[in-house]
Amino acid sequence: MTDLIKSRIPDLAACGALAAFGLAAIWIGSGYPIGSINRMGAGFFPIAASIIVVVLAVAAAVETLLSEPVSQPFKLRPVIFISVGIFVWARLIDSVGLIPATFALILLSGLAKPPFRPVSLIISAAVLCAAGYLVFM
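The sequence shown runs contiguously to residue 152 in the numbering used here.
#1: Taking the DSSP output, what are the residues bridged to glycine 46?
#2: Just tell me which of Ala34, Phe118, Ala64 and Gly44 has its CA closest to the CA of alanine 57.
#3: Pull up the DSSP beta-bridge partners for methionine 55, would you.
#4: Would you grab the beta carbon distance between leucine 113 and phenylalanine 151 for me? Rounded to a whole angstrom, and I think it's under 8 Å.
#5: Please classify tryptophan 42 as buried or exposed, where buried requires at least 16 neighbouring CB atoms within 10 angstroms.
#6: Can you give me the Cβ contacts of cysteine 97 inside the same chain, cut-off strictly under 7 Å, excluding the 5 residues immediately before and after it?
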């Protein structure tokens, strides 16, 4: 295996995992009626969104192979804060609801990368929570 490919294995693995997730979602969505553009069935949106995910994963893999290799040290801070944010969201969603749980997720995930910018983080959280409210109201 060439050094060029070896240095990109983590990125290519992520692209492969994303493509596999998309293909699995296409397979699951194919069990639902697709319908037509005028009368969309339950499987139409999941399949369409999954096709987009697979295409983007393939495009990311091609870009990874064609770009210059970049050496970046592994950083534990983003893994910890994003994982804690997802865990907190999962624990809060049933007890306090979508808006506070999503707000907590965004605030905790915002700590993953310094510098901490509280104003922009609160604005982002408010906008995303409002969007979630509008979608699920």
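From the three backbone atoms N, C-alpha and C, an ideal C-beta is built for every residue, glycine too. Just so we're clear, the structure is a prediction, and the values are computed from it rather than from any experiment.
By the coordinates alone:
#1: DSSP output for glycine 46 lists no bridge partner at all.
#2: For the residues Ala34, Phe118, Ala64 and Gly44, the minimum Cα distance to alanine 57 belongs to Gly44.
#3: Gly50
#4: 6 Å
#5: Classified as exposed, tryptophan 42 has fewer than 16 neighbouring CB atoms from the shown chains inside 10 Å of its CB.
#6: The question names cysteine, yet the displayed sequence has isoleucine at residue 97. Excluding five sequence positions before and after isoleucine 97, the CB atoms of its chain that fall closer than 7 Å to its own CB belong to Ser124 and Ala127, given in chain order.
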